[in-house]
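Chains as they are written, first to last, in my numbering: chain Z, 1 to 353; chain B, 1 to 427.
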Amino acid sequence: MGLPGVYFRRTVKVLRTEVLVLPSRVAVLVFIVALMALPIFTQDYYFLRVLILTSIFAIFAASWDLLSGFTGQMNFGHALFFGVAAYVTALLNLKLGLPPYFSIPLGAVGGVLTGLIVGIPCLRLKGSYLALTTLAFPIILTGVVFAIPDITGGELGLAGLSRLTGSRVMDYYLTSGLMLILGFTMWKITDSKTGIILHAIREDELAVRTAGVNTTRYKLLAFCMSGFFAGVAGGLYAHFMRLAGPSGLEVGLSFQVIIWAVFGGMVTIYGPIAGVFILYPLMEILRVVLDNFPSLPEIRMFIFAGLVLLTLLFMPEGLIPWVRDKIETECPRCKVRNVFSRHRCRVCDADLD
Amino acid sequence: MQFLGRVGTVLLGLSLVMAMCLPVGAVEPVKIGVLGPMSFTQGEGHWNGATMAADEINKAGGVKVAGVMRPIKLIKVDTNEFLSIPDATNAVEMAISRYNVDFLVGGFRTEAVQVMQDIAMDAKKIFIGCGAAHPELCTRVTKDYDRYKYWFRLTPINSKFLGKVDFILLGTAAAIMKKTLGIKKIKVAVVAEKAAWADPIVHISQKVLPAKMGMEVVGVWRPSPVAKDCTAELAAIQRSGAHIVFTTFSSSVGLTFAKQMGELKVPAVAVGINVESQKSGFWEATGGKGNYVETINTYARVAITPKTIPFYDKYVKLYNQAPNYTAGTYDALYILKEAVEKAGSVNSDKVLPFLEKTDYIDTAGRVVFDKSHDVTWGPGYVTAIGTQWQDGEIKCVWPYHWQKVFYEGTVPFKLPPWVVDYWKNKK
Numbered sequence: 001m002g003l004p005g006v007y008f009r010r011t012v013k014v015l016r017t018e019v020l021v022l023p024s025r026v027a028v029l030v031f032i033v034a035l036m037a038l039p040i041f042t043q044d045y046y047f048l049r050v051l052i053l054t055s056i057f058a059i060f061a062a063s064w065d066l067l068s069g070f071t072g073q074m075n076f077g078h079a080l081f082f083g084v085a086a087y088v089t090a091l092l093n094l095k096l097g098l099p100p101y102f103s104i105p106l107g108a109v110g111g112v113l114t115g116l117i118v119g120i121p122c123l124r125l126k127g128s129y130l131a132l133t134t135l136a137f138p139i140i141l142t143g144v145v146f147a148i149p150d151i152t153g154g155e156l157g158l159a160g161l162s163r164l165t166g167s168r169v170m171d172y173y174l175t176s177g178l179m180l181i182l183g184f185t186m187w188k189i190t191d192s193k194t195g196i197i198l199h200a201i202r203e204d205e206l207a208v209r210t211a212g213v214n215t216t217r218y219k220l221l222a223f224c225m226s227g228f229f230a231g232v233a234g235g236l237y238a239h240f241m242r243l244a245g246p247s248g249l250e251v252g253l254s255f256q257v258i259i260w261a262v263f264g265g266m267v268t269i270y271g272p273i274a275g276v277f278i279l280y281p282l283m284e285i286l287r288v289v290l291d292n293f294p295s296l297p298e299i300r301m302f303i304f305a306g307l308v309l310l311t312l313l314f315m316p317e318g319l320i321p322w323v324r325d326k327i328e329t330e331c332p333r334c335k336v337r338n339v340f341s342r343h344r345c346r347v348c349d350a351d352l353d
Numbered sequence: 001m002q003f004l005g006r007v008g009t010v011l012l013g014l015s016l017v018m019a020m021c022l023p024v025g026a027v028e029p030v031k032i033g034v035l036g037p038m039s040f041t042q043g044e045g046h047w048n049g050a051t052m053a054a055d056e057i058n059k060a061g062g063v064k065v066a067g068v069m070r071p072i073k074l075i076k077v078d079t080n081e082f083l084s085i086p087d088a089t090n091a092v093e094m095a096i097s098r099y100n101v102d103f104l105v106g107g108f109r110t111e112a113v114q115v116m117q118d119i120a121m122d123a124k125k126i127f128i129g130c131g132a133a134h135p136e137l138c139t140r141v142t143k144d145y146d147r148y149k150y151w152f153r154l155t156p157i158n159s160k161f162l163g164k165v166d167f168i169l170l171g172t173a174a175a176i177m178k179k180t181l182g183i184k185k186i187k188v189a190v191v192a193e194k195a196a197w198a199d200p201i202v203h204i205s206q207k208v209l210p211a212k213m214g215m216e217v218v219g220v221w222r223p224s225p226v227a228k229d230c231t232a233e234l235a236a237i238q239r240s241g242a243h244i245v246f247t248t249f250s251s252s253v254g255l256t257f258a259k260q261m262g263e264l265k266v267p268a269v270a271v272g273i274n275v276e277s278q279k280s281g282f283w284e285a286t287g288g289k290g291n292y293v294e295t296i297n298t299y300a301r302v303a304i305t306p307k308t309i310p311f312y313d314k315y316v317k318l319y320n321q322a323p324n325y326t327a328g329t330y331d332a333l334y335i336l337k338e339a340v341e342k343a344g345s346v347n348s349d350k351v352l353p354f355l356e357k358t359d360y361i362d363t364a365g366r367v368v369f370d371k372s373h374d375v376t377w378g379p380g381y382v383t384a385i386g387t388q389w390q391d392g393e394i395k396c397v398w399p400y401h402w403q404k405v406f407y408e409g410t411v412p413f414k415l416p417p418w419v420v421d422y423w424k425n426k427k
C-alpha cells in the first residue's frame with residue numbers, strides 16, 4: 001500500500017467520520033470543491049471578476065467579525081484597515097517596485113500598525129462611543145489623502161499597480177485560495193485559547209479581568225489581527241483593481257462590511273464569508289436580471305435592503321446560524337453537533353429528543 | 001392517416017411562422033456600450049446624447065461597414081460609479097465580455113474612469129471619455145502609448161484648459177467692470193466649495209490674480225458643497241468690498257449661493273464655475289434671484305457650429321432639459337461612425353488610425369485629437385463657452401470676439417444693475 005495508501009485511507013476515514021456526518025461540514029466541502037473546480041467549467045472574465053471581488057470582500061468581512069463579532073469591539077470604520085493597506089501596498093509597489101507577494105504582506109503589516117494606532121486610544125472607549133470614534137478614523141484619513149496629493153494621488157488615487165498574477169484564472173485561484181486559508185485561520189484563532197478569551201471579553205470584560213487576564217493586551221491583539229486580515233484584503237484589492245483610491249476609505253464600505261457580516265451571522269467567521277458569497281453575487285445577478293431597468297442602482301439597493309431586513313427580522317442571529325440550527329442539533333450532554341434527523345448522539349449516545 | 005396529416009399540416013404551419021419570424025439576412029449591429037451613473041444627471045446626459053445619435057444614425061440607414069449598412073445597438077451600462085468603484089468595473093467587464101461591445105463611450109468620476117480605462121485597454125476596446133476632465137487620463141496615452149492608445153477624450157476639455165477659460169472669464173468680467181465703472185483695481189473674493197477638485201483653482205487664483213492679472217484677492221471662502229445657508233460668507237464678502245466673486249461650485253451650494261447673493265443684492269458679479277447654473281431648472285430653483293450668474297459651459301443655444309442649435313433644440317424637445325456636457329456622447333457616436341466607415345471595420349486596431357486623424361465639426365466645435373488623444377482646445381477648435389443668466393434665459397457671453405472667435409447668437413456680458421448703481425454711487 002505504501003505511504004499514499006495510508007494517507008488516502010486516513011482521509012477517507014476523516015471524511016466519513018468527521019465531515020459527512022454533519023450537513024454544515026458537507027456544505028463547506030461542497031463549497032470548497034465548487035470554488036476550486038469552477039474555472040474548469042467557465043473562464044468568463046466577468047464571472048471570475050465578480051468571484052474574485054467576492055473572495056476579497058469575504059476576507060474583509062470575516063476580519064470585521066474577528067474584531068467586532070468575537071471581541072465585541074464594535075468597529076464602524078473597518079474600511080480604515082482596508083484603505084490603509086491598499087495605499088501602503090500601492091506605494092510599495094509603485095515607488096519601490098515591490099511585487100505583489102511582498103507588497104501585499106507589507107500592506108497587511110500597515111493594517112496591523114493601523115490597528116495599533118487606532119486600538120490604543122480606542123481601548124478606553126466602549127459601545128457606541130467606540131463605534132463612533134472608529135467611524136471617524138477613515139474620514140480623517142480621507143482628509144489626509146486629499147491634503148497630500150503628491151504622495152497619495154489625491155482624488156485620483158494611486159493607479160497602475162502591477163497585476164496580481166498574469167491571468168484572470170490565476171487571480172481567481174490566488175484570491176479564493178487565500179480566502180479559504182485566511183478564513184480557516186481566523187476560524188481556528190477563534191477556536192483557540194486566545195479566541196476563548198476574546199469571546200469572554202465580549203461577554204463580560206470585568207469577569208475576565210478579575211480572572212487575571214490583561215484584557216487590554218488581548219483587545220489590542222484583536223485590533224491588530226483584524227487589521228492584518230483586512231489589510232490582506234485591501235492589498236489584494238489594490239493589486240486586482242490596480243488602484244488604491246479614496247473610495248477604499250469610504251463610509252459606505254465600512255457599513256457594507258457590517259451588513260454582510262450581520263446578514264451571514266456574526267461570531268461565526270464563516271457566517272460573514274457566506275454573507276458576502278450570497279449578497280455580493282446577488283447584486284450582480286440583479287444587474288443582469290434587471291438589465292436596462294430604470295433606476296437600476298436604487299432598485300438593486302431596495303431589493304438588497306429588503307432582503308437584509310427580512311432576514312434579520314426572521315433570523316436575528318443571521319442566515320447561516322439559523323440554517324445550521326435547523327439542520328443540526330447540539331447534544332445536551334457532550335455538546336457535539338448532530339444531524340437533525342438523529343435521535344441519539346453520534347458520540348455519547350445521549351438521547352437528543 | 002388523417003391524424004398524421006393534421007400533425008403534418010400543423011408542423012408545416014409552425015415552420016412557416018418561424019421562418020417568417022427569422023430576420024432575413026440579419027445584420028450584426030455595431031454595439032456601443034454607454035457608461036455612466038445612470039440614475040444621476042451625468043449618466044442621464046450620457047444616455048440621452050447617445051440615444052439621440054443612435055436613433056438618427058439608424059434612421060439614416062446605420063453605419064456603412066465595408067459596404068454593409070449596420071445599425072447601432074446601444075448597451076446601457078450603469079456604472080454606479082459615484083457609490084461604488086467595484087460596481088463600475090463589474091459593469092464594464094460585463095459589457096465587454098457578455099455583450100461583446102465594439103466601443104465604449106462615457107464615464108464620469110475620474111477614479112472610476114481610470115479603472116474602467118484599464119479594463120477597456122486590456123480588452124483593446126476603443127473608449128471615448130465623455131465626462132472626466134482630469135489630465136492624467138490622457139497623460140497615460142503619452143506615457144504608454146501601446147497600451148492606452150485606445151482611449152480618447154472628447155468632452156469636457158482637459159481641466160487645465162477649463163482652468164484657463166475660468167480665468168479668461170474672470171479677466172473679461174474685470175475688464176468690463178473697469179471700463180464701465182471706472183474701477184482702478186478689481187477686488188476679488190475667491191469662493192470655492194470645500195472639495196478636493198477645487199483646491200488647485202483656489203491655490204492658483206491666490207497666486208495668479210495679484211501677480212499676473214493685477215487684481216486683489218480680498219479673501220478665500222470655502223463653504224460646504226451642500227451648504228444650505230451662505231449668508232455669513234456673503235455678508236463677509238460684502239464687507240470686504242469685492243467687485244467680483246470668483247466661484248468654483250459643482251454641487252448644490254452653487255444654487256444656494258447664487259440665490260442668496262441675488263436676494264441680498266451683494267454688489268459684486270459672480271463669475272467662474274457653477275455647475276448648477278448650467279441646468280435649465282436654475283432659474284426656477286433660485287426664483288429668478290440667480291440672474292446674471294456666469295459660468296463655464298459646453299452647450300447653449302448659440303451657433304458654435306452649424307450643428308449646435310439643431311442639436312440643442314432637439315435635445316430640449318426630447319428630454320425637456322438643456323444638454324449637459326456628458327451629452328457629448330452624441331458627438332462621440334458620430335465621430336466613431338466616421339472612423340468606422342473609413343476603416344471599413346469595427347476592429348479597434350483598424351479604426352484607431354482613422355480616429356486619431358479625426359477632424360470633425362461637432363456640436364461643441366472642431367474636434368481634433370492631440371498626441372495624448374485629448375480634444376484640442378483653442379481658437380478654431382473646441383473652446384468651451386461662458387454662459388450668463390439674463391432675465392430668465394441662459395445666454396452665451398463668451399467667446400465674444402476673443403482671439404477672433406465669435407459664435408452667432410453670443411451677447412455681451414451684462415453687469416447686474418444694482419452692482420452698477422452701487423459702485424457708481426460709491427464714487
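Cβ coordinates follow ideal geometry from the N, Cα and C atoms, glycine included.
Please read these numbers as outputs of a predicted model, since none were measured by experiment.
DSSP, reduced to helix, strand and coil, places A60(B) outside both helices and strands of the structure shown, so it counts as coil. For M170(Z), there are no neighbours in chain B by C-beta distance under 8 Å, as the nearest C-beta there is about 15 Å away. Taking the C-beta atoms as reference points, T247(B) is found nearer than 9 Å to V191(B). For T216(Z), the enclosing alpha helix (DSSP H) has its first and last residue at T215 to M241. In the DSSP annotation of this structure, the continuous segment of the beta strand (DSSP E) that includes C130(B) starts and ends at I126 to C130. Under the Cβ distance rule, R153(B) does not count among the residues neighbouring chain Z, no pair being separated by less than 9 Å. Under the Cβ distance rule, R98(B) counts among the residues neighbouring chain Z, one pair being separated by less than 9 Å. R202(Z) and L116(Z) have their C-alpha atoms some 19 Å from each other. Within the segment 205-285 of chain B, complete alpha helix (DSSP H) segments of at least 4 residues are found at 231-240, 253-263 and 282-285, given in chain order.
Residue contact check for I296(B) against chain Z: no CB pair falls below 9 Å. Between T134(Z) and Y87(Z), the gap from beta carbon to beta carbon reaches 9 Å or more. Not a single CB atom of chain B sits nearer than 9 Å to the CB of V232(Z).
Restricting attention to A175(B), G344(B), P310(B) and L264(B), the CA atom closest to the CA of V271(B) is found in A175(B). Burial state of R16(Z) is exposed, judged by a 10 Å Cβ sphere holding fewer than 16 other Cβ atoms. Contacts between A159(Z) and chain B, judged by CB atoms closer than 7 Å, involve Q114 in chain order. Judged by DSSP secondary structure, Y400(B) falls within the beta strand (DSSP E) whose first and last residues are Y400 to W402.
Distance from the CA of I120(Z) to the CA of R140(B), rounded to the nearest whole angstrom, comes to 42 Å. In the structure shown, M69(B) falls within a strand segment according to DSSP collapsed to helix, strand and coil. Sequence-distant Cβ neighbours of R333(Z) in its own chain, meaning closer than 6 Å and more than five residues away, are C348 and A350. Interface with chain B (9 Å Cβ-Cβ cutoff): S55(Z) is excluded. Distance from H373(B) to C130(B) at the Cβ level is roughly 13 Å; contact not present, criterion being Cβ atoms closer than 8 Å. Legend: CB atoms of the segment 261-276 of chain Z lying less than 9 Å from CB atoms of chain B are not found in any residue. The alpha-carbon of I32(B) is positioned some 10 Å away from that of I126(B). DSSP places C122(Z) in the helix class (H, G or I) of the three-state scheme. Here G265(Z) is not bridged, per DSSP, to any residue. The C-alpha of V340(B) is placed about 57 Å away from the C-alpha of V267(Z). The Cβ of L83(B) sits closer than 9 Å to at least one Cβ of chain Z.
The alpha-carbon separation between V50(Z) and G287(B) amounts to approximately 47 Å. DSSP links C396(B) through a beta bridge to T387(B).
Contact with chain Z is found for H134(B), since one of that chain's Cβ atoms lies less than 9 Å from the residue's Cβ. A residue is called buried once 16 or more other Cβ atoms fall within 10 Å of its Cβ, and M179(Z) is buried on that count. At least one beta carbon of chain Z lies nearer than 9 Å to the beta carbon of P37(B). If only complete runs of 4 or more residues are kept, the segment 129-199 of chain Z shows the alpha helix (DSSP H) at 149-152 and 168-191, in order along the chain. Under the three-state reduction of DSSP output, Y99(B) falls in the coil class, being neither helix nor strand. For D144(B), the number of other beta carbons within 10 angstroms of its own is below 16, and it is reported as exposed. By a beta-carbon distance limit of 8 Å, I204(B) contacts G163(B). Their separation comes to about 7 Å.
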